[in-house]
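Right, one structure below, let's go through it.
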Amino acid sequence: MLPYFLILIFVIFIIVFEKYAVNRKAFLFPFLSLVLFASIRSDEVGADTKNYTLNFNNNFLIDNYSFNDGIELGYKFLEYFILYFTNNYFWLFFISSCIVIFCYLYIFKKFSVNYFISVFTFISFGYYTFFFNGLRQGIAMALSALSLPYLINNNFFKYFLVIFIASFFHKSALILILFYFLVNMRFKFEYKLILILFTSLILSPLVISILSSHYERYSSYSSASENSGGYLTLIFYLLIGLIGYFSLFLSEKDNVTFNKIFQLYFLGVIFIIPIAMIGTSASGPQRLLFYFSWLSCFIIPYFFDKIRGNFAYFTFFALCFIYFYLITTRFSLLVPYSINSVFRIF
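Numbers 510 to 855, taken from our numbering, label the letters of the sequence shown in order.
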């Protein structure tokens, strides 16, 4: 667990240092640090990682590569391109990391009211390490993050284009198209919450049943979850949404950026509740939650505009370190962190 704490502390130190030394939002050094940490890891890190490195570890012949195995074409082209030049999975991790980290840091730098808190939340809430395990969805989520400016500015064509590209890495990204219309509908937010809750309640069992019965890749989606982690995570984000609604949303209605970010976040969380209630696996449909929950990186900084003082910061950091420890050690086999054998000196 120590390496994860060290990268968190180092990145935050760099951001704070640049803020007070040269009064700018640090990008390059946090970017390089997070990319390097993700890239040099072994494929032992992450429960699903070996599924992604299989072709790299089996002396795979590029002439035998297949694009017809049901995996999204965007990821297949990326994998094919890398395999054409090398069988070292470091390059898969490196290129993927560059895409993911750039997308998030760029959006944080552009829209966050507190860049430092956003990046700290991004790492400590596990959004950074999400793609250590779910690589394809991690890339899709990061690319989808680039659609945020177009959601805020009501530019559906560009929003759709970004989501469409993201879906070439994981089809689940297409769910975000529905939420563009929900967020921009001109009626009360509370009605939208009721609408999405009942829509999900009615359609989720049907859609999951169809997917699991017709597509082998999704057969595990209908199996009941034996791990309470998915429920606890959902409750955690639901609490953030409820607190944000009563303490921020009602007083920030004229702030278009916050308004739309919060709507997308909370509508997404409410959408997942019926999916969790029918007992689906936390590694299946409940993963859709992360297309929305990462927006907490924007919402939490607004709390600190309302609640000032060192005690609030100290409490937040302490709780985040505990949460970071729990999610990193208990889920997705991220611990112990180990380095790719290519880079091992001893």
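Beta carbons: idealized from backbone N, C-alpha and C, even for Gly.
Within the model, the alpha-carbon separation for T708 versus L773 is close to 16 Å. The shortest C-alpha to C-alpha distance from K697 to any of A654, K680, L751, N768 is the one to N768.
Excluding sequence positions up to five before and after I523, its CB lies within less than 6 Å of the CB of A535, F538, P539, all in the same chain and listed in chain order.
Cα atoms of F833 and Y668: separation of roughly 32 Å, rounded to the nearest angstrom. A straight line joining the alpha-carbon of F590 with that of F565 spans about 12 Å.
Rounded to whole angstroms, the Cβ separation of L644 and Y561 is 5 Å, and the two are in contact under 8 Å. Three or more beta-carbon pairs drawn from the stretch 801–812 and the stretch 608–627 are found closer than 8 Å, and the two stretches are therefore classed as touching. Using a C-beta cut-off of 8 Å, the stretch 808–820 makes contact with the stretch 738–757, since at least three inter-stretch Cβ pairs fall below that distance. The alpha-carbon of F775 is positioned some 29 Å away from that of I518.
Taking C-beta separations shorter than 8 Å and ignoring five residues to either side along the sequence, the partners of T837 in its chain run M510, Y513, G635, T638, L843, V844, following chain order.
Across the set S847, R839, P810, N849, the C-alpha of P810 shows the shortest separation from the C-alpha of Y624. Measuring C-alpha to C-alpha distances from Y659 to each of F640, V765, L797, V851 identifies V765 as the nearest. Beta-bridge pairing by DSSP links R550 to I848. Between S627 and A547, the C-beta gap is not smaller than 7 Å, which leaves the two residues out of contact.
Assigned with DSSP and collapsed to three states, S656 falls in coil, not helix or strand. Secondary structure at M650: helix, using DSSP grouped into helix, strand and coil.
Straight-line measurement puts the Cα of V554 at about 15 Å from the Cα of L543. Annotation for I549: I848, N849, F852 place their beta carbon closer than 6 Å to its own, counting only its chain and skipping 5 residues before and after. Looking at F799, T558, V531, Y529, the one whose alpha-carbon comes closest to that of S681 is F799.
In this structure F780 is in contact with I705, their Cβ atoms being roughly 5 Å apart against a cut-off of 8 Å. In the assembly as shown, A785 is a buried residue. Its beta-carbon has 16 or more other beta-carbons within 10 Å.
The stretch 595–675 contains, as complete alpha helix (DSSP H) runs of 4+ residues, the segments 599–620, 624–633, 636–642, 644–654, 657–661, 665–675 (chain order).
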